[in-house]
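Please read the structure below before turning to the comments.
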Amino acid sequence: MSPDRRALLRAALLSGGLALTGSAAVWAEGVDRVLAAGDDAALLGTLATLEDSAVKVLGTTGTALSRAPLPGYAQSFLSHHRAHRDALLTALHGLGAPSPPAAPSPAPAPAGEAGVLAVLMEIEDRLLGAQYAALAALERPSLRIQVASILGVDARHAAVWRAASGLDPVPTSFVGSQR
Amino acid sequence: MPPPRPTRRRFLGAAGAAAGTAALGACGAGSSQPGPTGTPADSVHLLDAALVVEHMTIHAYDVGLPLLSAATAPRGTAFRQHHLDHRDRLAQIIAGLGGTPTAARDTYDIGPPPTDEAGMLSLAASLEEQATRTHYATLRRLADPGLVQALGSIMADEAQHAAVLRTVLQQDPAPAAFVSM
Numbered sequence: 087m088s089p090d091r092r093a094l095l096r097a098a099l100l101s102g103g104l105a106l107t108g109s110a111a112v113w114a115e116g117v118d119r120v121l122a123a124g125d126d127a128a129l130l131g132t133l134a135t136l137e138d139s140a141v142k143v144l145g146t147t148g149t150a151l152s153r154a155p156l157p158g159y160a161q162s163f164l165s166h167h168r169a170h171r172d173a174l175l176t177a178l179h180g181l182g183a184p185s186p187p188a189a190p191s192p193a194p195a196p197a198g199e200a201g202v203l204a205v206l207m208e209i210e211d212r213l214l215g216a217q218y219a220a221l222a223a224l225e226r227p228s229l230r231i232q233v234a235s236i237l238g239v240d241a242r243h244a245a246v247w248r249a250a251s252g253l254d255p256v257p258t259s260f261v262g263s264q265r
Numbered sequence: 013m014p015p016p017r018p019t020r021r022r023f024l025g026a027a028g029a030a031a032g033t034a035a036l037g038a039c040g041a042g043s044s045q046p047g048p049t050g051t052p053a054d055s056v057h058l059l060d061a062a063l064v065v066e067h068m069t070i071h072a073y074d075v076g077l078p079l080l081s082a083a084t085a086p087r088g089t090a091f092r093q094h095h096l097d098h099r100d101r102l103a104q105i106i107a108g109l110g111g112t113p114t115a116a117r118d119t120y121d122i123g124p125p126p127t128d129e130a131g132m133l134s135l136a137a138s139l140e141e142q143a144t145r146t147h148y149a150t151l152r153r154l155a156d157p158g159l160v161q162a163l164g165s166i167m168a169d170e171a172q173h174a175a176v177l178r179t180v181l182q183q184d185p186a187p188a189a190f191v192s193m
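Respectively, the protein sequence lines represent chains A and B.
By the working numbering, the letter at position 123 of the first sequence is numbered 209, and the numbering carries on one by one without gaps.
By the working numbering, the letter at position 177 of the second sequence is numbered 189, and the numbering carries on one by one without gaps.
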């Protein structure tokens, strides 16, 4: 992706005109990670690493959830993120590119359900920002379709964690708008 | 001869056909279905099918919102507003491409009308799931990355609606790892 296109995309994606705080800041971080990637392979690698982060975070913090039905959701969503990571890696290898570095080990799980849910929302928001940006940044149509297929599921995860936290599960009309 | 009466099955079928519905792998890679189409006219046709799905879903909420309790009505009202926003965004895009957005009809066949809250929640969940799949099928055929992003954003919002409604119905909010058609 050319620097000009990257700058244009970033401006368009972050054009809310609002100070980016909380989930919006995390979302913007996801956007920035994608836009920093140079080409489709790098972009897929970035997305795969973010999914790997979700796998690791859910693997370590998901067990701290005890209120039904949250433990079941955590297990199910963990399997989704594994499947997303693996699908992205398969696509990446299809481009002849090597696997990206594994995501670093997550920080220790926060104490209490509210803290765990905050971490899980952050993970999903970062993914949504990255995936939303990727839909416009990927050069290959087949990869855009694949990412859209993942975006539609990670968006569900975000809604579930928000609802479990007592927040509006679907606060905007457009996933990615952050307004 | 008057045009056929719009029905839920017909519209969703038309939208799916417009989007080139075909059997796919779980995450969509390696499909043999027709690839993206790039002319503005093609995009208008595809996005207009998505717009009709929004019209139908808004109609369903109009019919069923009075059935919802104080506990679920705020969600239903918010989701209806989201669909109005989707409708307006799609109409704006279609007009920007030189097309004429299909106007909403007075009524749509959404199947047997719901008679109670559970029925409405079930109908809404079903329509949101179908809207998610239809929008996904549509974006697969769009060549313009900006249009893919715009419809992807709407699709993901519908998926969130479906997840919330399924949770209320005590169903799995995210039953699959990938959106499929």
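Virtual Cβ for every residue (Gly too), placed ideally from N, Cα, C.
All values reported here derive from a predicted model rather than from experimental measurement.
Span of the alpha helix (DSSP H), counted from its first residue to its last, around residue i
i, result
"residue 232 of chain A", "227-250"
"residue 86 of chain B", "85-108"
"residue 157 of chain A", "156-180"
"residue 184 of chain B", "It is not in any alpha helix (DSSP H) - residue 184 of chain B carries neither H nor E in the DSSP assignment."
"residue 207 of chain A", "199-223"
"residue 139 of chain A", "126-147"
Cβ shell of residue i (< 6 Å), same chain only, five flanking positions each side left out
i, result
"residue 206 of chain A", "247"
"residue 237 of chain A", "217"
"residue 145 of chain B", "193"
"residue 22 of chain B", "Note on residue 22 of chain B: pLDDT 43, under 50, position unreliable in the model; no value is reported."
"residue 106 of chain A", "In this prediction, residue 106 of chain A has a pLDDT of 46, which is less than 50 and means its spatial position is unreliable; nothing more can be read from the coordinates."
"residue 262 of chain A", "218"
"residue 170 of chain A", "137, 236"
"residue 12 of chain B", "What the structure shows of chain B is the stretch from 13 to 193, and residue 12 of chain B is not part of that stretch, so it cannot be assessed."
"residue 116 of chain A", "212, 215, 216"
Beta-ladder partner(s) of residue i, from DSSP
i, result
"residue 49 of chain B", "B/154"
Proximal residues to residue i (C-beta, below 7 Å), its chain only, five neighbours per side dropped
i, result
"residue 66 of chain B", "95, 98, 99, 102"
"residue 239 of chain A", "166"
"residue 195 of chain A", "146, 147, 150, 202"
"residue 137 of chain B", "174, 177, 178, 181"
"residue 177 of chain A", "130, 229, 232"
"residue 109 of chain B", "52, 55, 56"
"residue 154 of chain B", "48, 55, 58, 160, 163"
"residue 254 of chain A", "248"
"residue 127 of chain A", "178, 181, 183"
"residue 164 of chain A", "141, 144, 145, 148"
"residue 174 of chain A", "130, 133, 134, 137"
"residue 244 of chain A", "207, 210, 211, 214"
"residue 69 of chain B", "95, 139, 143"
Under 8 Å from the C-beta of residue i: neighbouring residues of chain A
i, result
"residue 97 of chain B", "259, 260"
"residue 179 of chain B", "246, 249"
"residue 144 of chain B", "238"
"residue 105 of chain B", "Those do not exist, as residue 105 of chain B stays about 12 Å from chain A at its closest Cβ, beyond 8 Å."
Contacts that residue i makes with chain A (C-beta to C-beta distance below 9 Å)
i, result
"residue 148 of chain B", "231, 234, 235, 238"
Chain B residues whose Cβ lies nearer than 8 Å to that of residue i
i, result
"residue 162 of chain A", "184, 186"
"residue 128 of chain A", "Ordered by position in chain B, no residue passes the 8 Å Cβ test against residue 128 of chain A, which lies about 17 Å from the chain."
"residue 114 of chain A", "Near residue 114 of chain A there are no residues of chain B at all, since even the closest Cβ is about 16 Å away, more than 8 Å."
"residue 183 of chain A", "Ordered by position in chain B, no residue passes the 8 Å Cβ test against residue 183 of chain A, which lies about 15 Å from the chain."
"residue 140 of chain A", "Within 8 Å Cβ-Cβ: nothing; residue 140 of chain A doesn't reach chain B, min ~12 Å."
Cutoff 8 Å; reference residue i; Cβ partners in own chain excluding five residues on either side
i, result
"residue 62 of chain B", "27, 102, 146, 147, 150, 163, 166"
"residue 15 of chain B", "Caution is warranted here: a pLDDT of 38 is assigned to residue 15 of chain B, below 50, making its placement in the model unreliable, and the coordinate value is therefore given only provisionally. Within the same chain, residue 15 of chain B has no close Cβ partners at all."
"residue 79 of chain B", "126, 127, 128, 129, 131, 132"
"residue 135 of chain A", "186, 187, 188, 189"
Under 7 Å by beta carbon: chain A residues contacting residue i
i, result
"residue 152 of chain B", "231"
"residue 55 of chain B", "Residues of chain A passing the Cβ test: none, with the nearest at roughly 13 Å."
Contact set between residue i and chain B, taken where Cβ atoms lie within less than 7 Å
i, result
"residue 245 of chain A", "172, 175, 176"
"residue 241 of chain A", "168, 171, 172"
Under 9 Å from the C-beta of residue i: neighbouring residues of chain B
i, result
"residue 152 of chain A", "What residue 152 of chain A touches in chain B: nothing, since even the nearest Cβ is about 18 Å away."
"residue 256 of chain A", "87, 90, 91, 94, 169, 172, 173, 175, 176"
"residue 165 of chain A", "189"
"residue 227 of chain A", "47, 48, 152, 154, 155, 157, 160"
"residue 119 of chain A", "Those do not exist, as residue 119 of chain A stays about 17 Å from chain B at its closest Cβ, beyond 9 Å."
May I ask you to list, following chain order, the residues of the segment 107-124 of chain B that have a beta carbon less than 8 Å from some beta carbon of chain A?
For the segment 107-124 of chain B, which is checked against every Cβ of chain A, not one residue is closer than 8 Å.
Using a Cβ-Cβ cut-off of less than 8 Å, list which residues of the segment 58-81 of chain B approach chain A; keep chain order.
From the segment 58-81 of chain B, no residue has a Cβ closer than 8 Å to chain A.
Using a Cβ-Cβ cutoff of 8 Å, what residues of the segment 167-178 of chain A are near chain B? List them in chain order.
Against chain B - using a Cβ distance shorter than 8 Å - the residues of the segment 167-178 of chain A are 169, 170, 173, 176, 177.
Chain-ordered residues of the segment 212-223 of chain A with a beta carbon less than 7 Å from chain B
The residues in question are 218, 221, 222.
Along the segment 128-139 of chain B, what residues have a CB closer than 9 Å to any CB found in chain A?
Per Cβ criterion, the list is empty.
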